[in-house]
Structures are given as C-alpha cells and as structure tokens.
Amino acid sequence: MAADLDGKTVLITGAGRGLGRAVARGLGSAGTRLILLARTAGQLEEARALLLDQAVPAQRIQVVPADLADEEQRDRAVAAVLAASRVDILVNNAATVEPLGPTAGIKAADLRLAFEVNVIAPATLSAAVLPGMLEAGWGRIVNVSSGIVASPAGMVRGNAYATTKAALEAHTVNLAAELRDTGVTVNAYRPGGVDTAMQAWIRSQDPGRIGTGLHERFNRSFAEGTLITPERSATALLARLGGDDTGAIWDVSTVPASA
Ligand SMILES: NC(=O)c1ccc[n+]([C@@H]2O[C@H](COP(=O)([O-])OP(=O)(O)OC[C@H]3O[C@@H](n4cnc5c(N)ncnc54)[C@H](OP(=O)(O)O)[C@@H]3O)[C@@H](O)[C@H]2O)c1
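The sequence shown begins at 10 in my numbering and counts up one residue at a time.
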C-alpha cells in the first residue's frame with residue numbers, strides 16, 4: 010500500500026462480500042479502523058471474522074447493517090458511525106446492477122431504486138462525512154464506478170446501471186473540483202471485470218429478459234477466465250488511496266498487478 014493510513018477510520022459500503030470485503034481485508038494490516046456496511050448481517054459477520062483471522066483487533070472493526078436504499082436506515086447508520094468517530098476515508102462501493110432488461114419495460118420505481126443506491130447514497134454519505142474531513146484538513150473519498158461509463162453501449166439492457174455510474178462519475182469530478190486545496194480528495198474507481206456475486210447474478214439471469222448478448226458476454230468472460238479476483242482489484246484501488254490525486258477516474262488496468 011502506498012500511503013501510511015495508520016489510525017485512519019475507513020467506512021466501506023458493500024463490505025460484506027466481493028470487492029468491498031477485499032478492500033476491507035487489504036486495509037486490515039494498515040492499522041485502520043474499519044466500518045463495514047451492507048444489508049446482510051451474516052456477510053458482515055463473515056467479513057469481521059476474516060479480519061479477526063488477519064489479527065485485526067476486534068475494537069478496530071465495526072459492522073453496520075443497513076439498507077442504503079432506505080433514507081431512514083441510511084441516516085441512522087451514518088449517525089451511529091459519526092457518533093463513534095470522524096470518518097477519514099469513505100469507499101462508496103455498494104451498488105446494484107438492477108434493473109436489467111429492455112428499457113421499454115423499466116418501471117420508474119426500479120430506476121429510482123438504482124439511483125438511490127448507486128448515486129444518492131454515495132453522494133449523501135459523502136455529504137455527511139465531509140464536515141469532519143474538512144475540519145481535519147484531510148479526507149479520501151472513492152466512488153466505485155464501472156468501465157461501462159467509458160463505453161455505455163457495451164452493456165445493452167443495462168441502461169440504469171450505465172446511467173447511474175455515469176452520474177456517479179460526474180458527481181465525483183464536480184465534487185473534487187469544489188474541494189480542491191482542502192486536503193479532501195474525491196476519485197472514482199473502475200474495478201474491471203471482477204469475479205463476484207454481482208457477476209454470478211448476471212450470469213444466472215434468464216437470457217430472455219436480459220438479452221442473449223449480455224448473457225453470453227458475462228458467461229463467456231467467466232468461462233474464459235478473464236475475470237480478476239476481488240483481491241487483485243482491491244490492491245489496485247488501495248495503491249492509489251493515500252495519494253493526492255483528485256477528480257481522477259482510476260482504472261484497474263492502469264495499475265500494475267504487483268502494486
Ligand atoms: N464485479 C464486477 O465485475 C464489477 C465491474 C464493474 C464495477 N463493479 C462495481 O464494483 C462494486 C462492488 O461490486 P461487487 O462486484 O463486489 O458486487 P457484490 O459482490 O454484489 O457486492 C455488492 C455489495 O454491496 C452491498 N449492497 C448492495 N445493495 C446494497 C444496499 N441497498 N444497501 C447496502 N449495501 C448494499 C451488498 O451487500 P448486501 O446485498 O448484503 O446489501 C454487497 O456487500 C459495485 O459498485 C459495482 O458496481 C463491479
């Protein structure tokens with residue numbers, strides 16, 4: 010890891026599995042205090058157990074089960090986190106890839122839910138932790154995006170996902186400009202094709218609903234072994250985390266595998 014993050018408090022959303030959990034584990038040896046948020050309490054407990062196995066002291070791990078799509082739960086979770094301490098590093102990683110399918114059939118409520126989880130939750134979490142970061146004169150916010158933003162036509166029938174991730178990147182770059190010279194940086198991270206539950210869920214969907222093109226593409230990349238591990242992707246994110254970059258769109262492919 011590039012920077013000294015000892016003593017920093019890190020809030021990671023979607024930390025129960027996949028990339029978020031790998032980021033938490035990657036930070037386990039960095040002396041950080043880790044706050045793990047997701048809906049599924051059992052997966053958060055699994056993540057906690059893995060960190061304890063890594064010899065992370067129990068008092069440095071806090072689990073916060075909450076649904077980021079639910080404003081009340083989200084506000085309650087943030088209040089509980091901030092009552093314990095300032096957040097120095099926020100990794101907005103949780104996301105939904107739904108709704109998938111022909112755009113003509115997408116319901117407004119489902120689109121709203123995607124925006125709530127993928128855009129509004131990261132933006133409001135950032136707004137909530139920012140006063141503490143600004144007062145400290147140091148903070149790091151990373152919004153986990155997707156390569157879909159670079160080629161939005163590459164995921165036909167994933168319109169909500171493409172739209173929300175593009176909005177998240179615009180939010181990131183705009184906020185970074187607003188915060189320039191404050192010591193608080195804001196960057197987006199495109200993690201690559203990662204072998205996680207999100208990928209498995211897409212592969213398991215009915216090709217009639219999500220389209221044979223999308224179904225075949227996700228099954229092919231899995232079968233051909235082109236997906237990377239969550240640990241590999243997390244390493245690339247963590248290599249950049251402590252640096253002074255801001256307003257950047259980091260991509261896993263631009264960080265050497267040995268980083
Ligand atoms: N995997 C890939 O190939 C890939 C590619 C490009 C971008 N990404 C991005 O990478 C990030 C991590 O994805 P992943 O592949 O690790 O996915 P994943 O395995 O499905 O993990 C997603 C995490 O987010 C949590 N989450 C989802 N909805 C939530 C909600 N409403 N409230 C709170 N937590 C919620 C999940 O936990 P619960 O279900 O328990 O809440 C889980 O911990 C996402 O931003 C994704 O868009 C992934």
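Virtual Cβ for every residue (Gly too), placed ideally from N, Cα, C.
So, are the CB atoms of residue i and residue j less than 8 Å apart?
i	j	result
Ala185	Gly256	yes
Val73	Val90	yes
Thr41	Arg83	no
Gly220	Gly156	no
Ile98	Arg149	yes
Leu248	Val261	Residue 248 is actually Ala in this sequence, not Leu. Taking 8 Å as the Cβ cut-off, Ala248 and Val261 do not qualify as a contacting pair.
Val151	Asn183	no
Leu279	Leu53	Residue 279 lies beyond the residue range present for the chain, which begins at 10 and ends at 268; the question has no answer from this structure.
Pro216	Ala31	no
Trp147	Gly114	no
Ser154	Leu177	yes
Arg218	Gly110	yes
Kindly give me the distance between the Cβ atoms of residue i and residue j, rounded to whole angstroms, as I take these residues to be in contact under 8 Å.
i	j	result
Leu28	Ala243	6 Å
Ala197	Ile258	5 Å
Val106	Met207	6 Å
Gly167	Leu223	7 Å
Ala47	Asp15	The pair is not a contact, with the Cβ atoms about 25 Å apart (cut-off 8 Å).
Have a look at the DSSP bridge pairing and note the partners of residue i.
i	result
Pro74	Ala47
Gly148	Val193
Ile258	Ala197
Asn101	Asn152
Leu20	Ile44 and Leu99
Ile237	Val203
Looking only at its chain, what residues have a beta carbon closer than 6 Å to the beta carbon of residue i, apart from the 5 residues adjacent to it on each side?
i	result
Gly37	Leu60, Gln63 and Val65
Val96	Thr18, Leu20 and Val138
Pro161	Ala171
Ala169	Pro108, Leu120 and Ala123
Gly141	Arg95
Val158	Lys174, Ala175 and Glu178
Thr181	Asn152, Val195 and Ala197
Thr112	Asn168
Ile70	Leu43, Arg57 and Leu60
Val264	Ala245 and Ala248
Skipping 5 residues on each side, what residues in its chain have a beta carbon closer than 7 Å to that of residue i?
i	result
Thr49	Gly25
Asn228	Arg212
Leu77	Thr22, Arg83, Ala103, Val126 and Ala130
Leu143	Thr191 and Val193
Phe231	Gln208 and Arg212
Ala33	Ile21, Ala24, Leu43, Leu45, Ala56 and Leu60
Gly9	Not covered by the structure: residue 9. The range shown for the chain is 10 to 268.
Val87	Leu134 and Ala137
Going by beta carbon distance, what residues of the same chain come within less than 8 Å of residue i, once the five residues before and after it are set aside?
i	result
Arg6	Only positions 10 to 268 of the chain appear in the structure, and residue 6 is not among them; the question remains open.
Asp254	Thr194 and Asn196
Glu165	The identity of residue 165 in the sequence shown is Val, whereas the question assumes Glu. Taken in chain order, the residues that qualify are Gly220, Gly222 and Leu223.
Asp204	Phe231, Leu236, Ile237, Thr238 and Pro239
Lys116	Pro108
Glu225	Pro216
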